[in-house]
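Heads up: the protein sequence lines correspond to chains C and R, in order. Note that the first sequence ends on residue 1269 in this note's numbering; no numbers are left out. Note that the second sequence ends on residue 535 in this note's numbering; no numbers are left out. Note that the Cβ used here is the ideal one computed from N, Cα and C, for glycine as well. Structure first, then comments.
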Amino acid sequence: MPGLLLPSPVCLTVIWFLSWSLRSSCAQIWTDEVSAVQYGRLDSNVTLACGKSQIGVPVVWRLNHSSALPWHRVTSDGSLVLLLVDQAAQGDYSCYDDRGLLLHSVTLRLGHPPGLLSISCQVPNHTHVRCSWVDSVKTFLPAKYNASFRGNGQEWRPCIVDLARRHCDVDHPAFWQPIHTLRVTETNALGFETTYARFKLHELLKPDPPEAVLAQQLEGYPKRLNVSWSFPSSWPLHDAFPLVFQIRYRPQGSIYWSEIYSEDSSVVIFDALSGHIHQVQVRARDEVNSESQWSEWTPQLLVRPWEVYTTPDPVDGPEEAFDEDYFFPFDTKPETSTEKSHNPVHEDDGSLGLVILLVLFSVVILTTILSLIFVVWMRQRRRHHATKQELTSMVKMKSMPI
Amino acid sequence: MKLLLDSSSSLLFSLLLAQLPVFTSASPVPPRRPTDMDKLSNQTKNLMKLTQELLREHAFDSDVEPHRFRSLPEMSNRSANDLQNLELKPTLSQLHSDLKLYEHHFEWLNRVSKKHHHPAVPKLVEMIREMKSLINLLHRQMQRVEAPRLTPATPSLPPHLPYQFDVLQSSHELLQHFKLFCDWAYRAFMSLKPKVSAVQ
């Protein structure tokens, strides 16, 4: 029994081990609390409480394990008041009692509450609206966004937010409304702010540029170029959504563009400058709504019209493929900007028709004139014949004996 | 013989004369005659152009929506997807009813503008005339495809506009709505065109 009452070395070891493990587990609890984050406003005073430290008990504060602290004071209850904090005041703060025991630890993050957002919307077609935003105030803090969208007098409907890219999408909006409103609420640890933005979707409508643009020479035609393209893939292919295309071209080196408008997907340029590389670009706009916007121009294509006795150059491709210092050897007179509203292939048909019509008309006129001449001649002949008959009868009468 | 020669030459001449207009009007590629749906869409586009001119010349650009007109045709339930799946008869009937409603609104605006001696009156008169012509054209098309005529909704119009500013604001609101309606109607006519050909 006395053996049980007296502290043996084994017992002491067990007690020490228990107390050590208890202390380390206690420290672990505090360490876990380091993950606690406190948010504060920049340029203001921020108070960090030292857990449940008692009033009057002196505490020691450390920032990132260093005793160097920003401008501060410590209150009687051990709280640390950081004065007019700046970004440098951010970090892991910990307070210890006078025996060096960790009492509390906290991570301080500083920033601003959300301000109003600067919002813009893109409308690539009638079925989709994407609105994106940027902060007018840099908050330095993580934020969440909640966005809704509506037309005049309609219910709010969600605009699906992509947090990383700071934009939201609305599919199938009620497009034919004069004004739409987007409401975005930004929330961070320091507060929230709601921004309202009003838009006229019909004025923001801007198709993506045409795709698969091809500029090709036409064999046997040194002044012609064939340009073709396809509708932007984001644009609905339906009779209800026609597009008008603008094609511009110029000989490389010239500063003047010539223009053609078309509602088809290809045009033939008839007035290319023989033997010269031409720059060609295409853009698109909604054909019905003249208040909508033109798409961006497609990248420049370079093409040289067909030439006799020459091997065609590689014509399609980015401009970089050609010599930047290409010299345009002629005096570049201002070309008049021409507007051709339809496919020139049809114009070809039209001119052929006109020629046939003119030929037919001349034949008719010629036939008419000939017939008239014939008729007049016939009448004169008849008259002459009658006169002759009269004279004959007169002579006969005269020769008759009375 | 003489008589024969005389008459044959006259006959030839007459035949040639008769053929002249035929030749002159003949074209190797005869132009396609515009269909009724073409006429409807063209007339709608014309109205849209007039509306835009009126907005440009006489209204003012304002983001403030006064909501004076509570009985304008409802556009909030019309999306781009609907345009791709329109049914012929109900759509023609609906468009006719919508146009009649707009006609009432514009006639009211015209009366009010006349009272205030607004300079837009001549163009408004022209617009109402064009609108009536479109309504008649549409009605004929409806009769052709046997589309029913809907009972037009009763317009609820603002009772009194004391100031020129109110007239301007109302004008702006009405024109803005009508411009978008024309945009939709034009697309609807374009969309219905193949369906009319299938019916007729």
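- Could you give the uninterrupted runs of the beta strand (DSSP E) lying entirely in the region 962-1001 of chain C, keeping only those of 3 residues or more? If only uninterrupted beta strand (DSSP E) runs of at least 3 residues are considered, those enclosed by the region 962-1001 of chain C are 969-978, 984-992.
- Does the region 1150-1165 of chain C come close enough to the region 1108-1122 of chain C to have 3 or more Cβ pairs within less than 8 Å? Segments in contact, yes.
- Message: Output needed for residue 513 of chain R: all residues of its chain with C-beta closer than 7 Å, excluding positions within five of it in sequence on either side, in chain order.
- Response: Locating residue 513 of chain R in the second sequence gives position 178, counting from the first residue. These residues qualify, in order along the chain: 386, 437.
- Message: Check whether the region 1027-1036 of chain C and the region 996-1013 of chain C touch, using three or more Cβ-Cβ pairs below 8 Å as the test.
- Response: Contact between the region 1027-1036 of chain C and the region 996-1013 of chain C is present, with at least three C-beta pairs closer than 8 Å.
- For residue 379 of chain R versus residue 520 of chain R, is the C-beta spacing smaller than 8 Å? Here residue 379 of chain R corresponds to residue number 44 of the second sequence, with the count starting at 1. Here residue 520 of chain R corresponds to residue number 185 of the second sequence, with the count starting at 1. Result yes, Cβ atoms of residue 379 of chain R and residue 520 of chain R sit closer than 8 Å.
- Message: Helix, strand or coil, according to DSSP, for residue 530 of chain R in the structure here?
- Response: Here residue 530 of chain R refers to the residue found at position 195 when the second sequence is read from its first residue. Helix.
- At a Cβ threshold of 8 Å, is residue 528 of chain R touching chain C? As a first step, residue 528 of chain R is located in the second sequence; it is residue number 193 there, counting from the start. At least one CB of chain C lies nearer than 8 Å to the CB of residue 528 of chain R.
- Query: Considering only the beta carbon of each residue, do residue 1053 of chain C and residue 977 of chain C sit closer than 8 Å?
  - Reply: Here residue 1053 of chain C is taken as the residue at index 186 of the first sequence, counted from 1. Here residue 977 of chain C is taken as the residue at index 110 of the first sequence, counted from 1. Cβ atoms of residue 1053 of chain C and residue 977 of chain C: not closer than 8 Å.
- Tell whether a beta-carbon distance below 8 Å holds between residue 435 of chain R and residue 487 of chain R. The sequence position of residue 435 of chain R within the second sequence is 100, counting from 1. The sequence position of residue 487 of chain R within the second sequence is 152, counting from 1. Result yes, Cβ atoms of residue 435 of chain R and residue 487 of chain R sit closer than 8 Å.
- Item | Alpha carbon of residue 1066 of chain C to alpha carbon of residue 1022 of chain C, nearest angstrom | Walking along the first sequence from the start, residue 1066 of chain C turns up at place 199. Walking along the first sequence from the start, residue 1022 of chain C turns up at place 155. In a straight line, the C-alpha of residue 1066 of chain C is about 16 Å away from that of residue 1022 of chain C.
- Task: Would you list, in sequence order, the uninterrupted alpha helix (DSSP H) runs of no fewer than 4 residues that lie entirely inside the region 1038-1105 of chain C?
- Result: Listed in chain order, they are 1068-1071.
- Count the other CB atoms within 10 Å of the CB of residue 551 of chain R; is the residue buried (16 or more) or exposed (fewer)? What the structure shows of chain R is the stretch from 336 to 535, and residue 551 of chain R is not part of that stretch, so it cannot be assessed.
- Where residue 996 of chain C and residue 1016 of chain C are concerned, what is the direct C-alpha to C-alpha distance, given to the nearest angstrom? Taking the first residue of the first sequence as position 1, residue 996 of chain C is located at position 129. Taking the first residue of the first sequence as position 1, residue 1016 of chain C is located at position 149. Cα to Cα, residue 996 of chain C sits roughly 10 Å from residue 1016 of chain C.
- Query: Would you call the region 962-982 of chain C and the region 927-934 of chain C in contact, with 3 or more CB pairs under 8 Å?
  - Reply: Result yes; three or more Cβ-Cβ pairs closer than 8 Å.
- Query: Distance, Cα to Cα, residue 336 of chain R vs residue 1242 of chain C?
  - Reply: Within the second sequence, residue 336 of chain R is the residue found at index 1, counting from 1. Within the first sequence, residue 1242 of chain C is the residue found at index 375, counting from 1. Note that residue 336 of chain R scores 46 on pLDDT, short of 50, meaning its location in the model is unreliable and no value can be drawn from it.
- Task: Have a look at residue 1158 of chain C and residue 1068 of chain C and give me their C-alpha separation to the nearest angstrom.
- Result: Along the first sequence, read from residue 1 onward, the residue named residue 1158 of chain C stands at position 291. Along the first sequence, read from residue 1 onward, the residue named residue 1068 of chain C stands at position 201. Approximately 10 Å, taken between the alpha carbons.
- Task: State the DSSP-derived secondary structure class of residue 404 of chain R, mapped to helix, strand or coil.
- Result: What you label residue 404 of chain R is simply residue 69 of the second sequence in a count that begins at 1. If DSSP states are grouped into helix, strand and coil, residue 404 of chain R belongs with coil.
- Message: I'd like to know whether the C-beta atoms of residue 822 of chain C and residue 1147 of chain C end up nearer to each other than 8 Å.
- Response: Residue 822 of chain C falls outside the range modelled here, since chain C spans only 868 to 1269, and no answer is possible.
- From the DSSP output, in three-state form, read off residue 914 of chain C for me. Walking along the first sequence from the start, residue 914 of chain C turns up at place 47. In the three-state scheme derived from DSSP, where H, G and I count as helix and E and B as strand, residue 914 of chain C is classed as strand.
- Message: I'd like the list of long-range same chain contacts for residue 375 of chain R, defined as Cβ closer than 8 Å, with 5 residues on each side in sequence excluded.
- Response: What you label residue 375 of chain R is simply residue 40 of the second sequence in a count that begins at 1. Within its own chain, the residues whose Cβ lies closer than 8 Å to the Cβ of residue 375 of chain R, once the five positions on either side in sequence are excluded, are 469, 472, 473, 476, 524, listed in chain order.
- CA-to-CA distance, residue 1244 of chain C to residue 1230 of chain C, given in whole angstroms: Counted from its first residue, the first sequence places residue 1230 of chain C at position 363. Counted from its first residue, the first sequence places residue 1244 of chain C at position 377. Near 21 Å, if we compare the C-alpha coordinates of residue 1244 of chain C and residue 1230 of chain C.
- Task: Mark residue 507 of chain R as exposed unless 16 or more other C-beta atoms lie within 10 angstroms of its C-beta, in which case mark it buried.
- Result: Here residue 507 of chain R refers to the residue found at position 172 of the second sequence. Around the beta carbon of residue 507 of chain R, 16 or more other beta carbons sit within 10 angstroms, so the residue counts as buried.
- Task: With DSSP as the reference, please indicate the residues paired to residue 928 of chain C in a beta bridge.
- Result: Along the first sequence, one-based indexing puts residue 928 of chain C at 61. Residue 928 of chain C has C:962 as its beta-bridge partners, per DSSP.
- Output, in sequence order along the chain, the residues in the region 1138-1156 of chain C whose CB is closer than 7 Å to any CB in chain R. Flagged, chain order: 1155, 1156.
- Buried/exposed call for residue 522 of chain R, threshold 16 Cβ in 10 Å: Sequence index remark: in the second sequence, residue 522 of chain R carries index 187 (1-based). Residue 522 of chain R should be labelled buried.
- Compare the C-beta of residue 413 of chain R with all C-beta atoms of chain C and state if any pair is closer than 8 Å. By one-based count along the second sequence, residue 413 of chain R stands at place 78. Any Cβ of chain C closer than 8 Å to the Cβ of residue 413 of chain R would place that residue at the interface, and such an atom is present.
- Report yes or no: is there a C-beta of chain C within less than 8 Å of the C-beta of residue 512 of chain R? Here residue 512 of chain R refers to the residue found at position 177 of the second sequence. Taking Cβ atoms only, chain C reaches closer than 8 Å to residue 512 of chain R, which makes this a yes.
- Taking the beta strand (DSSP E) that residue 1029 of chain C falls in, what are its first and last residues? By one-based count along the first sequence, residue 1029 of chain C stands at place 162. Element bounds for residue 1029 of chain C: 1027-1029.
- Message: Helix, strand or coil for residue 480 of chain R? Go by DSSP, reduced to three states.
- Response: Against the second sequence, residue 480 of chain R aligns to sequence position 145. In this structure, residue 480 of chain R counts as helix in the three-state DSSP scheme.
- Query: Taking the alpha-carbon positions, what's the residue 1216 of chain C to residue 1070 of chain C distance?
  - Reply: One-based indexing of the first sequence puts residue 1216 of chain C at position 349. One-based indexing of the first sequence puts residue 1070 of chain C at position 203. Unreliable placement is indicated for residue 1216 of chain C, whose pLDDT of 46 sits below 50; no coordinate value is reported for it.
- Please classify residue 1116 of chain C: is it buried, with 16 or more other beta-carbons within 10 angstroms of its beta-carbon, or exposed? Reading the first sequence from its first residue, position 249 is the one you call residue 1116 of chain C. Taking all protein chains shown into account, residue 1116 of chain C has 16 or more neighbouring C-beta atoms within 10 Å of its C-beta and is therefore buried.
- Query: So, are the CB atoms of residue 1097 of chain C and residue 1077 of chain C less than 8 Å apart?
  - Reply: In the first sequence, counting from the first residue as 1, residue 1097 of chain C sits at position 230. In the first sequence, counting from the first residue as 1, residue 1077 of chain C sits at position 210. Against a cut-off of 8 Å, the Cβ pair of residue 1077 of chain C and residue 1097 of chain C comes out as a contact.
- Query: What residues match up with residue 509 of chain R in a beta bridge as DSSP calls it?
  - Reply: For the purposes of this step, residue 509 of chain R is identified with residue 174 of the second sequence, where counting begins at 1. According to DSSP, residue pairing for residue 509 of chain R in a beta bridge does not occur.
- Message: According to DSSP, residue 1011 of chain C sits in a beta bridge with which residue or residues?
- Response: Locating residue 1011 of chain C in the first sequence gives position 144, where the first residue counts as 1. C:1054, per the DSSP bridge assignment.
- Unbroken beta strand (DSSP E) run spanning residue 1118 of chain C, endpoints: Taking the first residue of the first sequence as 1, we reach residue 1118 of chain C at position 251. Taken as a continuous stretch (DSSP letters only), the beta strand (DSSP E) holding residue 1118 of chain C covers 1110-1118.
- Task: Determine, using beta carbons only, whether residue 423 of chain R comes closer than 8 Å to chain C.
- Result: By one-based count along the second sequence, residue 423 of chain R stands at place 88. So, not an interface residue.
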